[in-house]
Amino acid sequence: MDVKQLQEHPPYGMIAILFFGAFIAFLNNTLLNVALPAIMDDFDVAPAIVQWLTNGYMLVSGILIPASAFFIQRFTNRQIFFWSMSAFTIGTALAAFSPTFGFLIAGRMIQASGAGLLMPLLMNVMLTAFPIERRGTAMGFFGLIMFFAPAIGPTLSGYIVQHFSWRTLFELILPFSVLILILAIFKLKNITPNVNIKIDVFSLILSSIAFSSLLFGFSTAGEKGWSAPIVYSTIAIGTIVLIVFIIRQLRLKEPMLEFRIFKYPMFALSASIMVLVSASMFSGMIIIPIYVQVVREFTPIQAGLLMMPGAIVMALMSPITGRLFDRYGGRALAIIGLSITVITTFLLSKLTLTSGFFHIMSIFTLRMLGMSLVMMPVMTNGLNQLPMKMNPHGTAMNNTIQQISGAIGSAVIITIMNARMAKRTGELMQAGQDLATEELSRLAMLNGINFSFFVSTIIAAFGLGLAFFIKRVDPNEAKWNEERLKT
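Heads up, the sequence shown is in numbering that gives the first Met the number 0, so the first residue is 0 and it goes up one at a time.
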């Protein structure tokens with residue numbers, strides 16, 4: 000089936016299978032966060048050790064995503080899906096029945112090795128199966144996975160861990176993984192073109208070192224501080240190796256990750272906006288739970304319920320936003336969405352010690368509504384300018400940018416919060432205020448949180464400024480880029 004015929008009759012059944020496989024994989028990104036204390040008690044391990052269940056998952060995915068462009072070009076979508084979903088299923092089974100913590104870690108890493116390729120694969124299939132005029136709607140459903148799955152993870156796992164064993168998290172996922180594999184045997188077809196290219200092993204090594212070092216460094220900066228040797232050394236190594244990696248990619252005829260896609264102006268602009276939006280969004284999703292649990296003293300379940308409507312709104316809005324994108328383009332949606340984001344983030348910088356549950360929930364939900372109008376339209380508009388041959392590189396680059404910018408944004412915002420908190424503590428003590436230690440800590444943390452949201456407001460405002468430069472990509476321009484690439 001050629002591309003034109005495929006786009007006239009997209010394989011919806013096959014896409015649904017990929018959709019559910021990616022949904023389960025993305026859900027696992029945040030599913031274990033709430034369960035870590037229970038696992039610590041079960042296996043008698045320290046917090047620094049158990050944290051590798053989440054950090055390790057992130058690092059393995061972070062290594063695979065930049066390399067996904069090569070795998071998607073080299074192998075058929077059927078081969079990639081069966082390998083990825085099989086690895087994910089085996090890892091899930093090993094984790095569910097793990098007799099020791101070592102087996103659990105191994106299962107989690109095997110899970111991640113499968114999950115890392117599922118999202119780029121689904122995105123690439125969407126770009127291949129749908130013409131530019133209908134990509135917004137298709138990518139809107141992709142956004143449903145991207146934002147809804149990780150958002151419901153903590154709430155779902157909180158309920159399960161409270162009433163059942165943490166192993167239930169894996170036991171529930173396992174039959175669904177097996178069912179998806181069985182359905183794929185009958186429904187999955189090869190639709191993406193593949194090229195017989197060779198992997199540049201040195202590029203793979205450089206990429207693995209660079210992105211894993213950066214992700215680890217920035218992820219631990221918020222906890223250990225920027226002055227910790229493990230933080231600044233890994234960030235320095237990651238930065239140096241990343242520069243070497245980029246230089247090598249620009250010199251290779253068939254690079255593992257094509258950085259020349261930034262010569263397409265709308266892709267470069269969309270990537271810049273995504274950096275700012277991802278940094279603002281992910282940092283906010285970390286600070287809100289800290290505020291509601293530490294300052295307002297809500298339970299973890301209450302914190303999850305407070306954030307749940309935002310996730311639901313984002314999920315419901317993603318397909319609607321996709322349709323609006325197909326009709327009106329990305330500029331208006333991005334401007335409206337970022338305006339809402341700027342206003343609501345600023346309102347979050349005005350939280351108090353007595354802000355009510357529904358007040359916080361309303362602002363957070365509106366903020367997620369704004370984000371839903373930005374993320375997928377901006378990303379899709381940038382990808383639309385790329386020739387089809389570049390789609391694997393575009394999806395790999397977008398996913399990599401989101402991971403790195405999310406980690407950097409979270410680390411920077413947490414650092415700002417801690418610094419402001421320490422400063423405010425000193426000011427209150429110097430003023431001689433007669434406060435209990437706990438009350439003093441809450442006041443200082445509130446000040447740090449408010450200032451962090453003010454910084455996030457500025458970050459979102461820069462994104463809003465860039466949104467005015469978005470131009471709708473004409474289908475004829477994309478076809479011309481395709482033809483020019485062939486010559």
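By construction, the Cβ of each residue, glycine as well, lies at the ideal position given by its N, Cα and C atoms.
Take F453, set aside five residues on each side of it, and the residues of its chain with a beta-carbon closer than 8 angstroms to its own are F345, S348, in chain order. Distance from the CA of P308 to the CA of P228, rounded to the nearest whole angstrom, comes to 40 angstroms. Taking 7 angstroms as the cut-off, the Cβ atoms of N398 and P119 count as close. Rounded to whole angstroms, the gap between the alpha carbons of I412 and A333 is 23 angstroms. Annotated as proximal: A406 and L214, with beta-carbon spacing under 7 angstroms. Separation of the CB atoms of G152 and N54 is rounded to 16 angstroms, and the pair is thereby denied contact status at 8 angstroms. Pairing A314 with F140 gives a Cβ-Cβ distance that is not under 7 angstroms. Taking G142 as the centre and dropping the five residues before and after it, the same chain places the C-beta of S317, M375 closer than 6 angstroms to its C-beta, in chain order. Here L168 really is in contact with S156; their C-beta atoms are around 6 angstroms apart, less than 8 angstroms. Look at the beta carbons and you see the segment 387–394 not touching the segment 353–360: under three pairs across the two are nearer than 8 angstroms.
Between I144 and A21, the C-beta gap is smaller than 7 angstroms, which places the two residues in contact. According to the DSSP assignment, R166 belongs to the alpha helix (DSSP H) that extends over 166–186. A distance below 7 angstroms between beta-carbons, with the five flanking residues on each side excluded, links I109 to the following residues of its chain, in chain order: A86, I89, G90, L93.
Here the segment 261–269 does not lie against the segment 437–448, with fewer than 3 beta-carbon pairs under 8 angstroms apart. Inclusion of S60 and A95 in the CB contact set at 7 angstroms is not warranted, their separation being larger than that value.
Minimum Cα-Cα distance from G462 among the listed residues S269, I196, Q50, I14 corresponds to S269. Inter-segment contact for the segment 202–213 and the segment 231–247 is present: three or more beta-carbon pairs are separated by less than 8 angstroms.
Along the segment 85–170, the alpha helix (DSSP H) occurs as fully enclosed runs of 4 or more residues at 100–128, 131–162, listed in sequence order. Inclusion of F217 and A410 in the CB contact set at 7 angstroms is warranted, their separation being smaller than that value. Per DSSP, T340 is one residue of the alpha helix (DSSP H) stretching across 329–347. In this structure, I71 lies near N123, with their beta-carbon atoms less than 7 angstroms apart. When the five nearest sequence neighbours on each side are left out, the beta carbons in the same chain lying within less than 7 angstroms of the beta carbon of L116 are those of L63, S67, F70, I79, S83, in order along the chain.
Assigned with DSSP and collapsed to three states, Y263 falls in coil, not helix or strand.
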